[in-house]
Amino acid sequence: VVAIAVSGGLVWTATFGQVSVCAWDMDARECVNSVHCTFRVTSLLAYGKEVWAGQGDGAISAFDSKTFAQVGNIVSNASEVKCLVDTGRRVWSMHANGTIRVCQMSADSEWGQTSDLLSLLASFPAQNSLVHAVVVPKDGFEPRVWTVSSVGSIRVWNASFPDTRDQMVKKR
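Under this note's numbering, the first residue of the sequence shown is numbered 206, with each subsequent residue one higher.
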């Protein structure tokens, strides 16, 4: 298993090298449904009523955690998604080449089953190497995203970016 998320009372898992994600009913100890992506799944995130899947080709897909329908997709030319992070209002994706992308689901409540409701708001080079750790403190802190790269650099980002011009707060 390379990624795990809990949503809708189910445990979602992605297995190394696979393009599908399995949703497990832990009481019954069985996979009750699976969803398919276009490339191998490398990360998962439970976000509201969706499960987001980052993929090895940089794409991100979102699935409804109750119906299992795909509700969004962002095709990408970025490198492999290493991590997806919930900042409270948006999802940030960390990529193998050091790129960060900021995404959100459309405010439209009538989702249907289209694949254009997931929006890419920003994409920027964040680190000079792979991001190895990410944290978004939520209790009593300003909305910030802390990233640590494989070469030891630490950067702190304004989580409301791109709504503000204050993209990077600190760099070490």
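We put the CB at the ideal spot given by N, CA and C, even for glycine.
Model, not experiment: these values are computed from the prediction.
Beta-carbon spacing of residue i, residue j below 7 Å
i           : j           : result
residue 337 : residue 350 : no
residue 328 : residue 306 : yes
residue 221 : residue 207 : yes
residue 242 : residue 216 : no
residue 219 : residue 246 : yes
Spatial distance of residue i from residue j (CA atoms)
i           : j           : result
residue 212 : residue 303 : 28 Å
residue 335 : residue 357 : 10 Å
residue 251 : residue 233 : 21 Å
residue 289 : residue 230 : 23 Å
residue 275 : residue 292 : 22 Å
residue 209 : residue 261 : 16 Å
Coarse secondary structure for residue i, derived from DSSP in three states
i           : result
residue 277 : strand
residue 342 : coil
Nearest residue (CA-CA) to residue i, options the options
i           : options               : result
residue 239 : 359, 273 and 298      : 273
residue 294 : 360, 365, 237 and 207 : 365
residue 332 : 209, 360 and 254      : 360
residue 301 : 248, 310, 309 and 348 : 248
heavy atom of the ligand FAD below 6 Å from residue i C-beta
i           : result
residue 257 : Looking for the ligand FAD in the displayed structure turns up nothing, as the structure carries no ligands at all.
Please list the segments of the beta strand (DSSP E) lying wholly inside the region 234-273, counting only runs of 3 or more residues, in order along the chain. Qualifying beta strand (DSSP E) stretches, in chain order: 235-241, 246-252, 255-260 and 265-269.
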